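Engineer:
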Ligand code: SF4
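Numbering (this note's numbering), first residue to last: 3 to 314.
1. List the whole-angstrom C-beta distance separating residue 91 from residue 121, where the pair is believed to meet the contact cut-off of C-beta under 8 Å.
2. Measuring CB to CB, does residue 130 end up less than 8 Å from residue 94?
3. Kindly indicate the opening and closing residues of the alpha helix (DSSP H) around residue 186.
4. Roughly how many angstroms lie between the CA atoms of residue 229 and residue 274, to the nearest whole one?
5. What residues in its chain sit with their C-beta under 6 Å from that of residue 148, if we drop five residues either side in the sequence?
6. Given the structure, does residue 82 come close to the ligand SF4, in the sense that its CB is under 7 Å from one of the ligand's heavy atoms?
7. I'd like to check one pair, residue 239 with residue 206: are the Cβ atoms closer than 8 Å?
8. Is it buried or exposed for residue 251, if we count other Cβ within 10 angstroms and need 16 for buried?
9. Assign residue 167 to one of three DSSP states: helix, strand, or coil.
10. Find out if the Cβ-Cβ distance for the pair residue 30, residue 82 is shorter than 8 Å.
11. Is the beta carbon of residue 33 within less than 7 Å of some heavy atom of the ligand SF4?
12. Would you say the stretch 34-44 touches the stretch 65-76, given that touching needs at least three Cβ pairs under 8 Å?
13. In this structure, what does DSSP give as the bridge partners for residue 220?
14. Give me the residue from 203, 222, 220 and 27 with the minimum Cα distance to residue 16.
15. What does residue 302 pair with, by DSSP beta-bridge criteria?
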């Protein structure tokens, strides 16, 4: 079955097989992070709206459940910031009433200063927030927020959210060489993280092709040196690993692969792992998409990734 708002299940570093739900058009975001794996933000906004019809999203999700869809988690994420959708809390309610699969919200934290966003986000089981800056200047450098969004409001929104959220709160810190990896800056992020009191802090760096070629990763050794600045020490998110036990290969079509690659560039091995395919079959699906010019190859030091062609 073809879906418009659902994608995957895709492999997730932390969650196993994750059914993604995309609540904003490509690429609508309140940030334009230098490290973004989805690409440059084409619609930068801090305004909340019903960017896609919530009734259609719920109907699609219910179809997926009725067709026997299975995933380890359901994740609100995709090609932009999900909390920009003014009715994402209602979607969480609808998912909850249809199945008992844990619900994860991935958010860049930018709208946590808004009470309605905090109330809606608190309905999820796991909320992963981001904090990769320590002051307004570093915030502008790393996240390039939409106008009207301020760093202090983001931090205070996160503190307020922690005080009402009883689920698991994970805080991701994304570090880039020469941009926000100096120990003094990271120590300031650690001090802010302590005030937010997440259940865990995760250090990340560029793995997939970033929006800006200037966004360069730092090494595992450097991450290991920075992790103890956090208390308790931050966890280093290991390189993307494909999950076991995937969708049967016979049900996988090129359009399913395209839906994943549009949201997240992947290697051939990632694609094979995500869909439980022989590498040769993954290769042939990729070739089909490349011949239609739906995807393009991106060469990085750690391998060849496939992502959407410009304009997809
Ligand atoms: S990394 Fe996330 S928050 Fe940053 S621009 Fe990309 S989608 Fe938006």
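The C-beta atom is built at its ideal place from N, Cα and C for all residues, glycine as well.
Bear in mind that the values here come from a model prediction, so they are computed numbers and not experimental data.
Structural biologist: On the basis of the data shown:
1. 7 Å
2. no
3. 185-198
4. 32 Å
5. 32, 46, 47 and 48
6. yes
7. yes
8. Bear in mind that a pLDDT of 46 at residue 251, under 50, signals an unreliable position, so the model cannot answer this.
9. coil
10. yes
11. yes
12. no
13. Residue 220 is not bridged to any residue.
14. 203
15. 305
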